[in-house]
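See structure below.
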Amino acid sequence: MTERGYTSWGRFPQINQLGRSFAWRSDELPVTSEDTDSLLPYGNGRSYGDVCLNRGGIVLSTRGLNRFINFDPEAGILRCEAGVLLAEILQLIVPAGWFLAVSPGTRYATVGGALANDVHGKNHHQAGAFGCHVIAFELLRSDGSRNLCSREENKELFGATIGGLGLTGLITWVELQLRPVNGSMLKEETLKFANVDEFFHLSEASDQDFEYTVAWVDCASKGDSLGRGLFARANHVPSETVQAKVDLEPRISVPFQLPCSLINGFTLKMFNAWWYRRQRERRKTRKVHFQPFFYPLDSIGNWNLMYGPKGLLQYQCVLPGEDGREVLRQMLAIIAQSGNGSFLAVLKIFGERLSPGLLSFPRPGVTLALDFPNSPDVFRLLDRLDDMTREVGGAVYPAKDARMSADSFHSYFPAYEKFSEYVDPDFSSSFWRRVSGDEL
Ligand SMILES: Cc1cc2nc3c(=O)[nH]c(=O)nc-3n(C[C@H](O)[C@H](O)[C@H](O)COP(=O)(O)OP(=O)(O)OC[C@H]3O[C@@H](n4cnc5c(N)ncnc54)[C@H](O)[C@@H]3O)c2cc1C
């Protein structure tokens, strides 16, 4: 076992913990005792906060579980080990005419990590979350049992593990249903919108005909321009040649951690105004390869280092119903007023399709995601946004959280008590101890 600083993408909190690497799916779990504390699976650390961290415990690093087990190119069914990256899956399946049914905004997540956070993508309004497309997986528990989980077999463990934040055991392999494509290209339209009301109109007008919709929002804009931005909508289109190459590493990277954050009120305002004006036309259309469309942030490696030594906090909430729309307006005004905020603030409407995951985050409503440089002011701001999210019956995304309170968690995830019954007694995380009120 090695001790090293396993980090999450936000680089906050920073924790030293023991790591045990898994190299084969029949490896056994380490035995814990009262002194050696708890276990937690660790995929590729692309979660922003502490769901993949386990202060004082052991993380089970899964990147060695990197083998494909079976691929049926007729039916589009893939079985692979849990540490395979989504990028590696795309490299295999796109030339064969298939794509991930749901993909998050990074291809550097592992399939096990994507399942355990029940990630969502730009097609949530049509396809639901990742868990909707999981056929089966194997779950290794600390009692040594290997449980085949599907909608028919061990279905309670199936539901608890999808979005189960790594707490129900170690997923060793996953079987996925893919969606067919005819090439690697999409046709994308980008439309400028002048304020948040226009965003809602565009979403309503697009969600039926476009498989992928998402908006970037200028979170520094105020007044009549509050919530202005760029709305992207796209569909896969046939392409004669398949540019199958998927970058397993970014081509350029931030080489080292900057001594202080480059992100401040001034740079944010400048960037947001420039990005909004960069597109002169109201509507722009292009054919685009799936890599820049789905994974724009992956093009610069280690971009998180730009936030300096204190790291960053992501915040993603979902706000349901008509009241949620009003709360979104209030939140955008508070964020703009605070002078904190994000280069990349994202808005999207989640659809009605529910995931089998007990603790799944996506639910019908509007979702806002943005990141902030870590500072005491930001903690106060996010506490305020939490209160607003709670009042409207919404939720905050654990995959991006490092600070929500136990009370907030219980309100966001009413299935929490039922879920707790399936938590493996030897598994825990820094996140879990905080939100279950069991912090050391
Ligand atoms: C640039 C960027 C864009 C993103 N965009 C999106 C987005 O659009 N939508 C979205 O939903 N998320 C998004 N995310 C978040 C990211 O997709 C998720 O946090 C994902 O779960 C990370 O996967 P990972 O393999 O790195 O897992 P980790 O972050 O290492 O772990 C995530 C969780 O999975 C558990 N886990 C990992 N492997 C296993 C296993 N084998 N068995 C059991 N549990 C396991 C861990 O214990 C932990 O709780 C984004 C992240 C980044 C950095």
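For the sequence shown, the working numbering assigns the number 10 to the initial residue and increments by one for each residue that follows. Ideal Cβ placement from N, Cα and C applies to all residues, glycine included. Values in this document were obtained by computation on a predicted structure and should not be read as measured data.
Boundaries of the beta strand (DSSP E) in which L239 is found, first to last residue
Indexing the sequence shown from 1 puts residue 239 at position 230. Unbroken beta strand (DSSP E) run through L239: G238 to V246.
On the premise that K357 lies in contact with T222, defined as a C-beta separation below 8 Å, what is that separation, rounded to the nearest angstrom?
One-based indexing of the sequence shown puts residue 222 at position 213. One-based indexing of the sequence shown puts residue 357 at position 348. Sure, about 7 Å apart at Cβ, within 8 Å.
Simplified DSSP assignment, three categories, for T71:
In the sequence shown, residue 71 corresponds to position 62, counting from 1. In this structure, T71 counts as coil in the three-state DSSP scheme.
Helix, strand or coil for N281 per DSSP?
As a working mapping, residue 281 is identified with position 272 in the sequence shown. Looking at N281 - three-state DSSP - the assignment turns out to be helix.
Comparing the CB of H129 with every heavy atom of ligand 1, is any distance shorter than 6 Å?
What you label residue 129 is simply residue 120 of the sequence shown in a count that begins at 1. H129 Cβ: within cutoff of ligand 1.
Could you check the C-alpha separation between L449 and F436 for me, to the nearest Å?
Within the sequence shown, the letter at position 440 stands for residue 449. Within the sequence shown, the letter at position 427 stands for residue 436. Note that L449 has pLDDT 48, beneath the 50 cutoff, so the model's placement of it is unreliable and no number is given.
In terms of alpha-carbon separation, which member of L277, A424, A138 and S429 lies closest to C228?
As a first step, residue 228 must be located in the sequence shown, where it is residue number 219. Of the listed residues, the one whose Cα sits closest to C228 is L277.
What does the alpha-carbon distance come out to for the pair F240 and E213?
Residue 240 sits at position 231 when you count from the first residue of the sequence shown. Residue 213 sits at position 204 when you count from the first residue of the sequence shown. Rounded to whole angstroms, F240 to E213 spans 12 Å at the Cα level.
On the three-pair Cβ rule with 8 Å, is the stretch 15-22 touching the stretch 126-134?
no
Is the separation between the beta-carbon of K293 and that of V246 shorter than 7 Å?
By 1-based counting over the sequence shown, the position of residue 293 is 284. By 1-based counting over the sequence shown, the position of residue 246 is 237. Result no, Cβ atoms of K293 and V246 do not sit closer than 7 Å.
Which residues does DSSP list as the beta-bridge partners of K427?
Taking the first residue of the sequence shown as 1, we reach residue 427 at position 418. None, per the DSSP bridge assignment.
Anticipated Cβ contact below 8 Å, N244 with F219, distance rounded
Position 235 of the sequence shown, counted from the first residue, corresponds to residue 244. Position 210 of the sequence shown, counted from the first residue, corresponds to residue 219. The pair is a contact, with the Cβ atoms about 6 Å apart (cut-off 8 Å).
Is Y421 near A404, with beta carbons less than 7 Å apart?
For the purposes of this step, residue 421 is taken as residue 412 along the sequence shown, with counting starting at 1. For the purposes of this step, residue 404 is taken as residue 395 along the sequence shown, with counting starting at 1. Going by C-beta atoms, Y421 is nearer than 7 Å to A404.
Hey, quick one: how far does the beta strand (DSSP E) through R295 stretch, first residue to last?
On the sequence shown, residue 295 is found 286 positions in, with the first residue counted as 1. It spans R292 to H298 - the beta strand (DSSP E) in which R295 sits, taken as one unbroken run.
Using CA atoms only, rank isn't needed, just tell me which of D216, W33, N311 and H298 is closest to V263.
As a position in the sequence shown, residue 263 is number 254, starting the count at 1. Ranking D216, W33, N311 and H298 by Cα distance to V263 puts N311 first.
Any contact between the stretch 369-382 and the stretch 322-329? By contact I mean 3 or more CB pairs, one from each, below 8 Å.
yes
Own chain, CB closer than 8 Å to S384, minus 5 neighbours either side, in chain order:
On the sequence shown, residue 384 is found 375 positions in, with the first residue counted as 1. Excluding residues within five positions, the ones whose Cβ falls inside 8 Å are K319 and N349.
Let me know if E400 comes out buried or exposed under the rule of 16 or more other beta-carbons within 10 Å of its beta-carbon.
As a first step, residue 400 is located in the sequence shown; it is residue number 391 there, counting from the start. Label assigned to E400: exposed.
Let me confirm a value: L257 is counted as buried when at least 16 other C-beta atoms fall within 10 Å, else exposed. Which label applies?
Locating residue 257 in the sequence shown gives position 248, where the first residue counts as 1. L257 comes out exposed.
Quick one: using the 10 Å Cβ neighbour count with 16 as the cut-off for buried, is F299 buried or exposed?
As a first step, residue 299 is located in the sequence shown; it is residue number 290 there, counting from the start. By the 10 Å Cβ count, F299 comes out buried.
By Cβ distance below 7 Å, which residues in the same chain neighbour L101 in space, the five residues on each side in sequence not counted?
In the sequence shown, the residue the question calls residue 101 occupies position 92. The residues are F77 and F80.
Near ligand 1: A345 beta-carbon under 6 Å from a heavy atom:
Against the sequence shown, residue 345 aligns to sequence position 336. Result no, Cβ not under 6 Å from ligand 1.
Can I180 and A91 be called in contact, C-beta distance under 7 Å?
Locating residue 180 in the sequence shown gives position 171, counting from the first residue. Locating residue 91 in the sequence shown gives position 82, counting from the first residue. Yes, Cβ-Cβ distance for I180 and A91 is below 7 Å.
Is it the case that the CB of I180 approaches a heavy atom of ligand 1 more closely than 6 Å?
Here residue 180 refers to the residue found at position 171 when the sequence shown is read from its first residue. Yes.
What do you reckon, are the CB atoms on S47 and G28 nearer than 7 Å?
Here residue 47 corresponds to residue number 38 of the sequence shown, with the count starting at 1. Here residue 28 corresponds to residue number 19 of the sequence shown, with the count starting at 1. Contact flag unset, no.
Apart from the five residues just before and just after L235, which ones in its own chain have a Cβ nearer than 8 Å to its Cβ?
Taking the first residue of the sequence shown as 1, we reach residue 235 at position 226. Hits under 8 Å: N204, V205, R338, L341, A342 and A345.
Rounded straight-line distance, which links the Cα of H142 to that of V111
Residue mapping note: residue 111 aligns to position 102 of the sequence shown, counting from 1. Residue mapping note: residue 142 aligns to position 133 of the sequence shown, counting from 1. Straight-line Cα distance between these residues: approximately 8 Å.
Verify the contact flag: V405, CB atom, against every heavy atom of ligand 1, threshold strictly below 6 Å.
Here residue 405 refers to the residue found at position 396 of the sequence shown. No, since every heavy atom of ligand 1 falls outside the 6 Å radius drawn around the Cβ of V405.
Residue of V60, L200, E331 and T71 minimising C-alpha distance to R289
As a first step, residue 289 is located in the sequence shown; it is residue number 280 there, counting from the start. Comparing Cα positions, the closest option is L200.
Which parts of the stretch 318-403 are runs of the beta strand (DSSP E), unbroken and 3 residues or longer, counting only runs that do not cross its ends?
321-328, 354-359 and 374-382
C158 vs L149 beta-carbon contact at 7 Å
To locate residue 158, count along the sequence shown from 1; it is residue 149. To locate residue 149, count along the sequence shown from 1; it is residue 140. Result no, Cβ atoms of C158 and L149 do not sit closer than 7 Å.
Look up F436 in the DSSP assignment and give the residues it is bridged to.
Position 427 of the sequence shown, counted from the start, is the residue given in the question as residue 436. DSSP, once it has assigned bridges, lists L48 as partnering F436.
If you draw a straight line from the C-alpha of L74 to the C-alpha of S438, how long is it?
Against the sequence shown, residue 74 aligns to sequence position 65. Against the sequence shown, residue 438 aligns to sequence position 429. Computed Cα separation, rounded: 21 Å.
If A411 and D59 are in contact, beta carbons under 8 Å, what's the gap, nearest whole angstrom?
Counting from one through the sequence shown, the residue named residue 411 turns up at place 402. Counting from one through the sequence shown, the residue named residue 59 turns up at place 50. About 5 Å; that satisfies the 8 Å criterion.
If contacts are defined as beta-carbon pairs under 8 Å, then V255 and R116 qualify, I think. What distance do you get, rounded to the angstrom?
To locate residue 255, count along the sequence shown from 1; it is residue 246. To locate residue 116, count along the sequence shown from 1; it is residue 107. Between R116 and V255 the Cβ distance is about 7 Å, and since that is below 8 Å, they are a contact.
Within the present structure, is the beta-carbon of C89 separated from the nearest heavy atom of ligand 3 by less than 6 Å?
As far as ligands go, the structure on display features ligand 1 and does not contain ligand 3.
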